[in-house]
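Engineer:
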Amino acid sequence: MSAIQADIKGFLETSFIDWPGQVASVLFLAGCNFRCPFCHNHGLVLRPDDYPGLSWNSIRDRLARFPGWIDGVVITGGEPTLSPGLADLAREIKDMGFQVKLDTNGGRPEVLAGLIEADLLDHVAMDVKGPLDDVSYARA
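Per the numbering used here, the sequence shown starts with residue 2, numbered consecutively.
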C-alpha cells in the first residue's frame, strides 16, 4: 500500500459531466492559492477541515472495481497542484490503466509542466480568470 500525500476530501464514483465524452470518477483535493468570489467548491478552499479526509488506499480499492466502466479519473479541487503528492497520485491512477484529467487554475505552471513532461496527464482543463481584479482574488 502506498502513502500518497494528497488531502483528498471528496470522491465521486461516476460522473458524466466532468470530462466531456468520458465516464470518469472525480477526486476532490483541498486548498487553493486563489480566492475567486464565484468558486463552486469554496468549502474545500476556505474550510477544508470541515470535510473528512479520505484514504487513497480505500479509493484505489474502489477504482479497481471499475475497469471497463470508467475511462479515467478527474483530479480537481480546490487547486490540485498545491498537493505535494499529486504526481504520485496521477502515476498510481495511470498504473491502474485509467486516463487522468487535471482541473487547474494554472497558477503553478512549473507543477503543470512537470506533470506533462512526466506523461502523467491525458487532459488538462485550465480556467482563465478574468477580468483580473487583484483585490478580489487576493482575499483570504
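All C-beta atoms, glycine included, are put in the ideal place defined by N, C-alpha and C.
Taking 8 Å as the cut-off, does the segment 116-130 touch the segment 81-92 (at least 3 CB pairs, one atom from each stretch)?
Structural biologist: Flag = yes, the segment 81-92 and the segment 116-130 touch.
Engineer: What runs of the alpha helix (DSSP H), each 4 residues or longer, lie entirely inside the segment 33-74?
Structural biologist: Runs found: 43-47, 57-64.
Engineer: Taking the beta strand (DSSP E) that Lys102 falls in, what are its first and last residues?
Structural biologist: It spans 100-105 - the beta strand (DSSP E) in which Lys102 sits, taken as one unbroken run.
Engineer: On the CB-based measure, 16 or more other CB atoms within 10 Å of its CB, does Met2 come out buried or exposed?
Structural biologist: In this prediction, Met2 has a pLDDT of 45, which is less than 50 and means its spatial position is unreliable; what the coordinates show is noted afterwards. Under this definition Met2 is an exposed residue.
Engineer: Would you call the segment 106-116 and the segment 60-72 touching, i.e. three or more CB-CB distances under 8 Å?
Structural biologist: The segment 106-116 vs the segment 60-72: no contact.
Engineer: Spatial neighbours of Gly32 within its chain, please: C-beta separation below 8 Å, excluding the five flanking residues on both sides.
Structural biologist: If we look at Gly32 and ignore the five residues flanking it on each side, its Cβ neighbours are Asp8, Leu45, Val46, Pro49, Gly78, Gly79, Glu80, Leu83, Ser84.
Engineer: How about Gly69 and Val101: are their beta carbons less than 9 Å apart?
Structural biologist: Not a contact, by the Cβ cut-off of 9 Å.
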